[in-house]
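In what follows, a structure is listed as structure tokens, so that the remarks can point back to it.
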Amino acid sequence: FTVERRPFVGDSMKNTGLFFFIMRTTRLIVAMFVLFAICKPAVADVAIEGMEHMAPNCEKTIRGLCKNSTLGALEEVHVMPRHCQATCIYRHPGAKVVQQGEVWVQDRGYEKVKLPVGMPCAFGAECDNNGKCSCSFCNKMGGK
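As structure tokens, this is what we get:
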């Protein structure tokens, strides 16, 4: 089909190549987003609770205290700064839930660890050698 000795190509045909390129790119972006959404939870970080009033750079130290790989993969850490201890919660390999008697419970392992000496546990206080939260200023003032 020709018009005035030129092949008739509508305006819609001129952009067909660009349209296919955009659609292919859009599909790729959607596929990457789906893969990211699936993979993100698989590499999620260990949840640490109870560190609201501690410095963010203490998280690495707390996580380093929980290294008992015989109990399974580390899942959560509950920090109790005023008691200078943390509870490491591990997920045993296999089923997430097991039956104990007539009750179904989560199959987890627990380990209590002491926070290192000198780690801040309250405002102006640090963990001492006995695993207690102690404030040197308050100890001095309490003796007077």
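Take the sequence shown: its position 9, counting from 1, is numbered 3 in the numbering used here, and each next residue is one higher.
Ideal placement from N, C-alpha and C gives every residue a C-beta, glycine not left out.
C-alpha distance - residue i paired with residue j, whole-angstrom precision
i, j, result
"I56", "C127", "16 Å"
"Y104", "D39", "18 Å"
"V37", "T81", "Any reading at V37 is ruled out, since the residue's pLDDT is 43, under 50, leaving its predicted position unreliable."
"Q93", "N51", "39 Å"
"Y84", "R102", "6 Å"
"V99", "V91", "5 Å"
"K54", "M17", "44 Å"
DSSP bridge partner residues for residue i (one or two, in chain order)
i, result
"V92", "V99"
"I83", "E70, Y104"
"E53", "E53 pairs with nothing; no bridge assigned."
"C127", "C121"
"E43", "H72"
Member of the options whose CA lies at the smallest distance from the CA of residue i
i, options, result
"M48", "R76, K90, A31", "R76"
"G58", "T64, V71, G66, L65", "V71"
"V73", "M113, G95, C129", "M113"
Whole-number beta carbon distance between residue j and residue i, since they are thought to touch under 8 Å
i, j, result
"G125", "K106", "So it is not a contact: roughly 10 Å between Cβ atoms."
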